[in-house]
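The block underneath contains the structure these notes are about, expressed in structure tokens.
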Amino acid sequence: MDEEYSRTAERMRQLAIENYGCAGFDSVADGENEISISYWESLDQIRAWKKDAEHLAAQALGKSRWYRWYKVQVVEVLREYQENCQDAAAAGQQPLHSP
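The sequence shown begins at 28 in the numbering used here and counts up by one.
Put into structure tokens, the structure is as follows:
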């Protein structure tokens with residue numbers, strides 16, 4: 028990916044959050060591969076975002092310039108677990124994975 032991709036992706040995140048109620052994004056990249064997760068309160072918000080003209084233009088650019096393929100999944104989070112491993116280590120617990 029290049030600098031224009033980074034600027035476009037950041038603009039899309041900003042637009043989704045400010046104009047469509049997106050609760051946030053998580054992304055990770057490994058070489059040319061990227062996985063991004065966006066969080067939404069409703070399907071209606073996602074549908075509205077999907078129709079945004081600037082988003083549609085960015086998608087067209089992505090298809091012609093950056094992506095060989097992509098996949099979108101819309102899922103519902105049933106549970107979420109989180110633990111601060113640094114707190115566990117301070118309490119004398121062994122983390123499951125050490126870098």
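The beta carbon of each residue, even a glycine, is placed where N, CA and C say it ideally should be.
Pop quiz: residue i and residue j are said to be a contact at Cβ under 8 Å. What is the actual Cβ separation, rounded to whole angstroms?
i, j, result
"A127", "E68", "There is no way to answer for residue 127, as the model of the chain reaches only from 28 to 126."
Quick one: Cα of residue i to Cα of residue j, how far?
i, j, result
"A73", "Y108", "According to the sequence displayed, residue 73 carries Ile and not Ala. Going from the Cα of I73 to the Cα of Y108 covers about 24 Å."
"E61", "Y94", "10 Å"
"A36", "K78", "17 Å"
"G89", "M39", "12 Å"
"C112", "W76", "35 Å"
"D53", "K98", "16 Å"
"W96", "Q86", "12 Å"
Assign residue i to buried or exposed, taking buried as 16 or more other Cβ atoms, counted over all protein chains shown, within 10 Å of its Cβ.
i, result
"S33", "exposed"
"R47", "The question names Arg, but residue 47 is Tyr in the sequence shown. The residue in question, Y47, is buried, as its Cβ has 16 or more Cβ neighbours within 10 Å."
"S65", "buried"
Per DSSP, which residues does residue i bridge with? Please list them.
i, result
"E61", "A56"
"Y66", "G51"
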